[in-house]
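Numbering (the working numbering), first residue to last: 5 to 426.
Here's the structure we're looking at; comments come further down.
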């Protein structure tokens, strides 16, 4: 590990001009930068185009990608140390929650379940990232500061990055807050304080006792999770999106606008790029580490953007456990999946933790050995998620209707999509 004073930041900037030879391409790929530093990828075929996106993202945002894949896998303390904080929360706490969520397992399942075409897209992107890693170009200074080296990029890392940025944007936090309110205020006062009528309430817990205290205890933990994993801890802040019909503009063309309310971060959550090949020519903003343009893009015929919306796609279950850590089901006690995990900690001793999965999903709060804990069922992790299957077809859309039809297999996060076509 090197002292920060001994590092020259300018020496960590990769080359953006000249030619290099890298493995994994079927033809030459050009990446040029405009006056704003935005990458423009030109490729002779689609796989090489995704390769170029992976390479350019590593040039611009490799450490951000490193941080996100480690946070998704519960390996952030391994390079940051136990006392390091992200948005005020210790890295080790964030890692324990990430291990509980098992996002890395879900991401691997997603990739294993992909169609051949979608998997090829993710694999080509990974080859592009790895080509940069093996190119001899300088790495971000954070690697030297932490005494770490990047591991090869794998396709599931891209899926994991997408999941870690959205897992706490669902109703999980509101349900914990509502549960804590019910536990503190009691069943008589709760309907007057909650915005839902009792019949529509998604929170059903027995009043008083250890069970209701789970929600009170979980409230602080979920707040820390929102900070530690880098999400919006206040998801009610919303986003804005609007469009103006061509009949009301001076050009006769529609105007599409968006104001995405993401937590402030450096670098920004989104990354701009233009990718062109014989199959498509798209400019937009995406996540560094993820191929395609899931949220913001323009293919020359149709443009799209998203805002976050609310839907009931995350459920919390109060699980009851016996002395053998089996959980109660309608048909009796069932075995609980258990896994012992070891979390590496830079500058400290490894920390052992145990994670549990019930029939509903992973235990996200509480200790099953105490008799009760909360498990979460989540559409993006309950079974292999097919959302990534829309990333390529949506680029072929020529109209708003075609774009919306291409989203049929989208799963998470739940968004409002606004679009305009020419």
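Ideal placement from N, C-alpha and C gives every residue a C-beta, glycine not left out.
Could you spell out the range, first to last residue, of the alpha helix (DSSP H) harbouring residue i?
i	result
residue 267	Taken as a continuous stretch (DSSP letters only), residue 267 belongs to no alpha helix (DSSP H), as it is neither H nor E.
residue 320	Not the alpha helix (DSSP H): residue 320 falls in the beta strand (DSSP E), residues 318-324.
residue 76	50-77
residue 404	404-410
Which value, in whole angstroms, describes the spacing of the CA atoms of residue i and residue j?
i	j	result
residue 317	residue 109	19 Å
residue 45	residue 126	16 Å
residue 145	residue 17	9 Å
residue 190	residue 181	14 Å
residue 382	residue 255	45 Å
residue 120	residue 11	44 Å
residue 215	residue 186	Note on residue 215: pLDDT 49, under 50, position unreliable in the model; the coordinate value appears next. Rounded to the nearest angstrom, the two C-alpha atoms are 11 Å apart.
residue 77	residue 354	16 Å
residue 157	residue 28	14 Å
residue 237	residue 72	Below a pLDDT of 50, predicted positions are generally treated as unreliable, and residue 237, at 43, falls in that range; the measurement from the model is reported next regardless. When rounded, the distance between both Cα atoms is 17 Å.
residue 160	residue 106	13 Å
residue 423	residue 252	16 Å
residue 122	residue 327	45 Å
residue 118	residue 365	22 Å
residue 49	residue 85	43 Å
residue 96	residue 33	41 Å
residue 330	residue 339	5 Å
residue 265	residue 334	42 Å
residue 285	residue 42	15 Å
residue 358	residue 373	11 Å
residue 23	residue 153	25 Å
residue 13	residue 75	24 Å
residue 348	residue 100	11 Å
residue 345	residue 103	8 Å
residue 356	residue 343	11 Å
residue 307	residue 375	52 Å
residue 289	residue 149	29 Å
Can you tell me which of the options puts its alpha carbon nearest to the alpha carbon of residue i?
i	options	result
residue 155	120, 126, 83 and 178	83
residue 310	328, 139, 407 and 268	407
residue 350	22, 47 and 80	80
residue 30	132, 169 and 163	132
residue 64	260, 288 and 20	20
residue 275	282, 281 and 287	287
residue 36	157, 303 and 279	279
residue 420	346, 298 and 320	298
residue 282	38, 40, 47 and 62	47
residue 292	24, 23, 54 and 26	54
residue 173	94, 41 and 243	243
residue 178	319, 302 and 129	319
residue 166	193, 346, 69 and 38	69
residue 140	25, 347 and 175	25
residue 352	269, 88, 56 and 60	88
residue 116	289, 413, 392 and 405	392
residue 62	149, 135 and 301	135
residue 168	98, 149, 270 and 188	98
With a threshold of 7 Å on Cβ separation, who are the neighbours of residue i within its own chain once the five nearest residues in sequence on each side are excluded?
i	result
residue 15	142
residue 410	394, 397, 398 and 401
residue 124	51
residue 170	416 and 417
residue 246	261
residue 57	45, 129, 132, 277, 279 and 295
residue 60	35, 43, 45 and 277
Could you spell out the range, first to last residue, of the beta strand (DSSP E) harbouring residue i?
i	result
residue 34	34-37
residue 45	43-46
residue 471	Residue 471 lies beyond the residue range present for the chain, which begins at 5 and ends at 426; the question has no answer from this structure.
residue 245	244-248
residue 284	284-291
residue 276	274-281
residue 300	300-302
residue 305	First-last for residue 305: undefined, no H or E at that position.
Just to confirm my understanding: we take residue i, look at its own chain, exclude 5 residues before and 5 after, and list those with CB closer than 6 Å. What are they?
i	result
residue 332	324
residue 385	110
residue 114	163, 388 and 389
residue 2	Outside the modelled stretch of the chain, which goes from 5 to 426, sits residue 2, for which no answer is possible.
residue 377	323, 367 and 370
residue 341	361
residue 240	Low local confidence applies: a pLDDT of 48 at residue 240 is under 50, so the model's placement there is unreliable, and no value is given.
residue 94	none
residue 337	326 and 330
Within its chain, find whatever has a CB closer than 8 Å to the CB of residue i; leave out the 5 residues flanking it on each side and keep chain order.
i	result
residue 305	401, 402, 403, 425 and 426
residue 249	258
residue 313	418, 419 and 420
Alpha helix (DSSP H) runs wholly inside the region 327-402, at least 4 long, in chain order: none
Please list the segments of the alpha helix (DSSP H) lying wholly inside the region 140-198, counting only runs of 4 or more residues, in order along the chain. 145-150, 159-168, 176-189 and 194-197
Which runs of the alpha helix (DSSP H) fall wholly inside the region 82-140 and span at least 4 residues, in chain order? 95-105, 107-116 and 120-137
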